[in-house]
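Residue numbers (my numbering): -9 to 91.
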């Protein structure tokens, strides 16, 4: 999420923190910090992240292909980290569109 925000040009630096409670699928807290480099308010980015990303456990498992154990066996042996699902910047267009509303 943070990498997509930076790739969309919405900030030069970004951190996204999610907090979950047992038994509740969606995070009860989403915190975006652009460390003063954001082009739009961090609070607005929090709302955009909540709207565009499926932050439920099943959504995260699906998005990041977390059940693909072969993927995780290869991680220590490769330098192509940008090929992994969590490194993709595939939400840039949607983020820009949503920020423009």
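Cβ coordinates follow ideal geometry from the N, Cα and C atoms, glycine included.
Asked: Three or more C-beta pairs below 8 Å linking the stretch 45 to 52 and the stretch 26 to 36; Found: no
Asked: Bounding residues of the beta strand (DSSP E) (the contiguous stretch that carries residue 9); Found: 5 to 9
Asked: Three-state class that DSSP yields for residue 20 in the structure shown; Found: strand
Asked: Coarse secondary structure for residue 50, derived from DSSP in three states; Found: helix
Asked: Residue 26 at chain D interface by Cβ criterion, 8 Å; Found: The structure shown has no chain D; it contains just one protein chain.
Asked: Residue 16 and residue 42 closer than 8 Å at C-beta; Found: no
Asked: Beta-carbon spacing of residue 27, residue -7 below 8 Å; Found: no
Asked: Spatial neighbours of residue 73 in its chain, beta-carbon cut-off 6 Å, leaving aside the 5 residues before and after; Found: none
Asked: Other residues of its chain near residue 0: CB distance less than 7 Å, five sequence neighbours each side excluded; Found: 28, 29, 30, 35, 85 and 89
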